[in-house]
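Undergrad: Residue numbers (full-length UniProt numbering): 1 to 146.
Structure in structure tokens, see below.
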């Protein structure tokens, strides 16, 4: 999946993609142009339950630019834990935050080119596709930003 990196800094503040098969499956992408960050959070119909809590997955990155080139400077994956009530609110409100985070990996102080392809797919696409379940929504997002 190619990406036109010159568009990264002008991505919308919030994007939401819905699965055509299951409306409850969606992918939220939050772009903070001031902090130069993108956050991808996946909400699922058959969400993960841990005790009385709901667990979602987040891929977060920070980026920088040099001229027309954009670089991923920070990348991490987290499980976000919500109470059932806060998760219900989160379904329609991107500002609702979970009460706990469990970080599974973090890359700091990197300069990974946004447009680097590995085996024909963007590195970022491969990271998202490895962790998130809605690969059709991930693919749609990358098609939309091109």
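All residues carry an ideal CB built from backbone N, CA and C; glycine is no exception.
From a predicted model like this one, the values you see are computed outputs, not experimental measurements.
Just to confirm, are residue 27 and residue 138 a CB contact at a threshold of 8 Å?
TA: If you number the chain shown from 1, residue 27 lands on position 27. If you number the chain shown from 1, residue 138 lands on position 138. In contact: residue 27 and residue 138 (Cβ atoms closer than 8 Å).
Undergrad: Tell me which residue opens and which closes the alpha helix (DSSP H) that residue 140 is part of.
TA: As a position in the chain shown, residue 140 is number 140, starting the count at 1. Segment 135 to 144, the alpha helix (DSSP H) holding residue 140.
Undergrad: Taking the straight line between their C-alpha atoms, what separation do you get for residue 174 and residue 80?
TA: The structure shown has nothing for residue 174, since the chain only spans 1 to 146.
Undergrad: Any contact of the stretch 112 to 127 with the stretch 67 to 82, i.e. 3+ C-beta pairs under 8 Å?
TA: With a cut-off of 8 Å, the stretch 67 to 82 and the stretch 112 to 127 count as touching, because enough Cβ pairs lie within range.
Undergrad: Name, in chain order, the residues that DSSP records as bridge partners for residue 29.
TA: Against the chain shown, residue 29 aligns to sequence position 29. DSSP lists 15 and 40 as partners of residue 29.
Undergrad: Just curious, the alpha helix (DSSP H) that residue 129 is in, first and last residue?
TA: Here residue 129 corresponds to residue number 129 of the chain shown, with the count starting at 1. Note, residue 129: alpha helix (DSSP H), 123 to 131.
Undergrad: Comparing C-alpha positions only, which one of 116, 34, 135 and 127 sits nearest to residue 44?
TA: The residue labelled residue 44 in the question sits at position 44 within the chain shown. Of the candidates 116, 34, 135 and 127, the one whose C-alpha sits nearest the C-alpha of residue 44 is 135.
Undergrad: Per DSSP, what kind of secondary structure is residue 87 in: helix, strand or coil?
TA: On the chain shown, residue 87 is found 87 positions in, with the first residue counted as 1. Three-state DSSP puts residue 87 in a helix.
Undergrad: For my contact list, residue 60 and residue 78 are in at a C-beta cut-off of 8 Å; report their separation, rounded to the angstrom.
TA: Within the chain shown, residue 60 is the residue found at index 60, counting from 1. Within the chain shown, residue 78 is the residue found at index 78, counting from 1. So it is a contact: roughly 7 Å between Cβ atoms.
Undergrad: In whole angstroms, what is the alpha-carbon distance linking residue 99 and residue 142?
TA: Taking the first residue of the chain shown as 1, we reach residue 99 at position 99. Taking the first residue of the chain shown as 1, we reach residue 142 at position 142. Using only the alpha carbons, I get a separation of about 30 Å.
Undergrad: Have a look at residue 56 and residue 108 and give me their C-alpha separation to the nearest angstrom.
TA: Numbered from its first residue, the chain shown carries residue 56 at position 56. Numbered from its first residue, the chain shown carries residue 108 at position 108. Taking the straight line from one Cα to the other gives about 23 Å.
Undergrad: Using a Cβ-Cβ cut-off of 7 Å (strictly less than) and excluding sequence neighbours within five positions of residue 140, which residues of its own chain qualify?
TA: In the chain shown, residue 140 corresponds to position 140, counting from 1. Here the set comprises 17.
Undergrad: In the DSSP assignment, what are the bridge partners of residue 103?
TA: Here residue 103 refers to the residue found at position 103 when the chain shown is read from its first residue. Bridge partners of residue 103: 78.
Undergrad: Pick out whichever of 130, 83, 95 and 32 has its Cα sitting closest to the Cα of residue 10.
TA: What you label residue 10 is simply residue 10 of the chain shown in a count that begins at 1. It is 32.
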